[in-house]
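The block underneath contains the structure these notes are about, expressed in structure tokens.
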Amino acid sequence: MSNDRKQRAEQMRKEREKAEKRQRNVITVAIVVVVIALVAVGGYAIKTTSDQNAKNTDLVAPKNATEDYGIVYDTAAAGGEATADAEPVEVELYEDFQCPACRSFEQASGAFLKQQVESGAITIVYRPFSFLDGQSLNEYSSRSTNAAICALDSGGVEDYVAVHDYLYANQPDEGTAGPENSALVEALDGLGITGVEQCVKTEKFVPWIEKAKETAQDGDREVSGTPTVYVGGKKVEDVSPAGLQQAITSAA
1304 MSNDRKQRAE QMRKEREKAE KRQRNVITVA IVVVVIALVA VGGYAIKTTS
1354 DQNAKNTDLV APKNATEDYG IVYDTAAAGG EATADAEPVE VELYEDFQCP
1404 ACRSFEQASG AFLKQQVESG AITIVYRPFS FLDGQSLNEY SSRSTNAAIC
1454 ALDSGGVEDY VAVHDYLYAN QPDEGTAGPE NSALVEALDG LGITGVEQCV
1504 KTEKFVPWIE KAKETAQDGD REVSGTPTVY VGGKKVEDVS PAGLQQAITS
1554 AA
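The opening residue of the sequence shown carries number 1304 in our numbering; numbering runs sequentially from there.
Here's what the structure looks like:
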């Protein structure tokens, strides 16, 4: 082979190597770009999810609650028809969904009170008093109340009462971990209450719930435990159906 042919062959070999190197570089750059893009998208998705589930620290008042932290359950909300001529007596219930005594009270007197609401004899004012987070491994007291308040904010007092009754029927034992927020969302969905996932997971109304507790503790009533029941503005010690009936009759 002549020197010219050898030189041309060598030149062609070098050019092929350069072309192959350029192609490899292009492929490498493309892979790097794709990896960076995937990392960026994944990071954004993680950040977005984190932001959406970040716990709320601002005090936000829910719709359908009173300015003094009450949830009013009256005859109209209960779907009843008033039969009493007099104005309904106001029955105020300070309660905590983690409280075993509250569950016992609900089991013993809950149905009686609801019947009184339906007849127009009374109006119930539920007053959240979540003070038992220390008796739960995952702050179930305030989180469960938040789930109920999310239902109130989204759908009104009827939805609140539905969650209220569900939470007592499914109350975890003290000293255990109650359902996490995701499980509470599923429970509400099972009750037909939707659109509250972010509210529940960000614990949107926990600051409001904390303020409700502080207001009850620091106010004239100095509430310190649950259940605490007031009928016609007077504290009632006998919260059995018979005791409540007597208090309602006296206040009417």
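The beta carbon of each residue, even a glycine, is placed where N, CA and C say it ideally should be.
Using the Cβ count rule (16 or more neighbours within 10 Å means buried), how would you classify residue i?
i: ASN1473; result: exposed
i: ILE1349; result: Bear in mind that a pLDDT of 44 at ILE1349, under 50, signals an unreliable position, so the number given afterwards is only what the model happens to contain. Exposed is the call here.
i: GLY1493; result: exposed
i: ASP1523; result: exposed
i: ASN1484; result: buried
i: VAL1460; result: buried
i: ASN1449; result: buried
i: ASP1476; result: exposed
Where do the ends of the beta strand (DSSP E) carrying residue i lie?
i: VAL1392; result: 1392-1398
How about residue i: is its Cβ closer than 6 Å to a heavy atom in the ligand COA?
i: ALA1385; result: Within the structure as shown, the ligand COA is missing, as the structure has no ligands at all.
For residue i, does the three-state DSSP call read helix, strand or coil?
i: PRO1431; result: strand
i: THR1497; result: coil
i: THR1378; result: helix
i: THR1552; result: helix
i: LYS1507; result: coil
i: LYS1537; result: strand
i: THR1426; result: strand
i: THR1360; result: coil
Report the rounded CA-to-CA distance for residue i versus residue j, giving the unit in angstroms.
i: ALA1554; j: HIS1467; result: 26 Å
i: VAL1503; j: ALA1465; result: 16 Å
i: TYR1469; j: GLN1520; result: 26 Å
i: LYS1417; j: TYR1533; result: 16 Å
i: ARG1319; j: LYS1358; result: 60 Å
i: ALA1454; j: LEU1487; result: 11 Å
How far does the alpha helix (DSSP H) with residue i in it extend, from its first residue to its last?
i: PRO1458; result: The sequence shown places Gly at residue 1458, not Pro. First-last of the alpha helix (DSSP H) with GLY1458: 1443-1458.
At a Cβ threshold of 7 Å, is residue i touching chain B?
i: ILE1551; result: Of the protein chains in this structure there is only one, and it is not chain B.
### Query
Should the segment 1368-1385 be called in touch with the segment 1400-1411, which here means at least 3 C-beta pairs below 8 Å?
A contact is defined here as three or more CB-CB pairs under 8 Å, and the segment 1368-1385 fails this definition with respect to the segment 1400-1411.
### Query
Hey, is the segment 1499-1517 in contact with the segment 1377-1391, meaning 3+ C-beta pairs nearer than 8 Å?
no
### Query
Taking contact to mean at least 3 C-beta pairs separated by less than 8 Å, is the segment 1510-1520 in contact with the segment 1425-1436?
yes
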